[in-house]
Amino acid sequence: MTENAAEPGPEPENRPTTRRSRPVLISGIALAVALVAALVTGITWAVAASSGNAAFAAQRDDALQAGTQAIINFNTLDFHDVQPGLDLWERSSTGPLHEDVVRGRQQYADSITQARTVTKAEVLSAGLTELNDHAGKARMIAVVKVTVTPDGQPPTEKRSRYQAELTRDGQDWKLSVLGPVAVG
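Next comes the structure, spelled out in structure tokens:
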């Protein structure tokens, strides 16, 4: 018999092609790593946002802003209309300072009216030196520029440094102590 028909040779192997599977595998791993990184970042952000750090920072900012405004209030008065300024002193204070304002209100009104001056304050710099959020207490320092305008005279400026203690009264921070810082 003549063998014209080709003998069947070995069957081709069914091997996966490595050229196509490597990019898919690498892309899959990269996607998995990106998803894990995004998950870890999201969890870290959520924990940080819900931790006490954000709340503490908000209390710090609230105390500093309230203290700064209260120092401005205590250094801004107009002898033409003293009572609204003294009302602001009362609303800006608590504790011993508030008691002093209430007790000496008439004396303050008389002194300001007799001095015949208008004062306007601007806080140039301020910062908290202490904050105990749990106790509702804070301390701050401030540099204040006060423009003093005596009746019928040109204004003059003076700069003062103050130290203050703040106490949380309900949801608000108020001055409980205010005093000058000695120079030198």
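Residue numbering for the sequence shown follows numbering that gives the first Met the number 0, starting at 0 and increasing by one per position. The beta-carbon is built from N, C-alpha and C at its ideal position, and this holds for glycine as well.
According to DSSP, residues forming a beta bridge with residue i
i    : result
D99  : DSSP, once it has assigned bridges, lists no residue as partnering D99.
T148 : V117
W172 : R167
Beta carbon of residue i nearer than 8 angstroms to that of residue j
i    : j    : result
T118 : T166 : no
E112 : V81  : It is worth fixing the name first, because residue 112 is Thr in this sequence and not Glu. Cβ distance < 8 angstroms, so T112 and V81 count as in contact.
A65  : D171 : yes
P95  : V180 : no
Buried versus exposed, by CB contacts within 10 Å (16 or more), residue i
i    : result
I70  : buried
K157 : exposed
H97  : buried
S124 : exposed
Q58  : buried
A62  : buried
L174 : buried
For residue j and residue i, believed in contact at Cβ under 8 angstroms, the rounded distance
i    : j    : result
R138 : E121 : The Cβ separation is near 21 angstroms, so there is no contact.
N74  : S91  : Actually they do not touch by this definition, with Cβ atoms about 11 angstroms apart.
| said: Within 8 angstroms, do at least three Cβ pairs link the segment 95-115 to the segment 132-145? | reply: no
| Does the count of Cβ pairs from the segment 93-102 and the segment 117-131 closer than 8 angstroms reach three? | no
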